[in-house]
Amino acid sequence: MRAWRLVKRRHLAGAFDGEGARRYGGRWNSPGRAVVYLGSTPAVAALEVLVHNARTTLLDEQFVIVPVDVPDELVLELDPTVLPDHWHDPTDTTAAAAVGDAWLDSAASVALKVPSAVTLLDLNVLLNPAHPDMTRVTIGEPRAWRFDERLAR
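Just so you know, we're using the numbering used here here: the sequence shown kicks off at 1136 and counts up by one.
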């Protein structure tokens, strides 16, 4: 399975340590839990960055996108029917974070496909940077990424 990590160039060195998510928490993890967030496509990765950054940041910062390959047998996909109706609420991430934290605790896989709260139809991929199978994940070469100026309007 291929997924994509879109980050500010200045954060590239730590893009796969999960430190940002550990510090602040995220949709699928509580603070204190390291997770790396990926998009299932470059477009999904871009939308996720878009909703979490000021429009001016998109043009003022330099971004890079990194392809990530995970062997299919190391990936699980969350059954979305187990999620409560409000899991995608932008002001309350506790339900989704509880699911992600349980996945981290289980160490069932190095990667978990989860629905995108932005589109509901697309997938994000969570990576557990502490999982022993992380050594089997291939992190590709970063490529420059530019957001279209129309997105900053």
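Using N, Cα and C, we set each Cβ at its ideal position, and we do this for glycine too.
Quick caveat, the model's predicted, so the values are computed rather than measured.
Distance, Cα to Cα, P1219 vs A1230?
7 Å
Local conformation of R1168 per DSSP, three classes
coil
What separation, rounded to the nearest whole angstrom, lies between the Cα atoms of A1232 and L1194?
30 Å
Take every Cβ of the region 1211 to 1227, pair it with every Cβ of the region 1147 to 1160, and state whether three or more of those distances are shorter than 8 Å.
no
DSSP beta-bridge partners of A1279
V1199
Would you kindly check if the distance between the Cβ of V1203 and the Cβ of V1272 is under 8 Å?
yes
Host alpha helix (DSSP H) of E1183 (start-end)
1177 to 1187
On the DSSP bridge list, what partners appear for P1250?
L1258
Helix or strand or just coil, what does DSSP make of A1150?
coil
How about R1278 and I1200: do their beta carbons lie closer than 8 Å?
yes
Identify the continuous alpha helix (DSSP H) that holds V1142 and give its terminal residues.
From DSSP, V1142 is part of no alpha helix (DSSP H) but of the beta strand (DSSP E) over 1137 to 1143.
What do you reckon, are the CB atoms on W1139 and L1261 nearer than 8 Å?
no
Exposed or buried, which one is R1288 when buried takes at least 16 other CB atoms within 10 Å?
exposed
With a Cβ-Cβ cutoff of 8 Å, do L1141 and V1184 count as a contact?
yes
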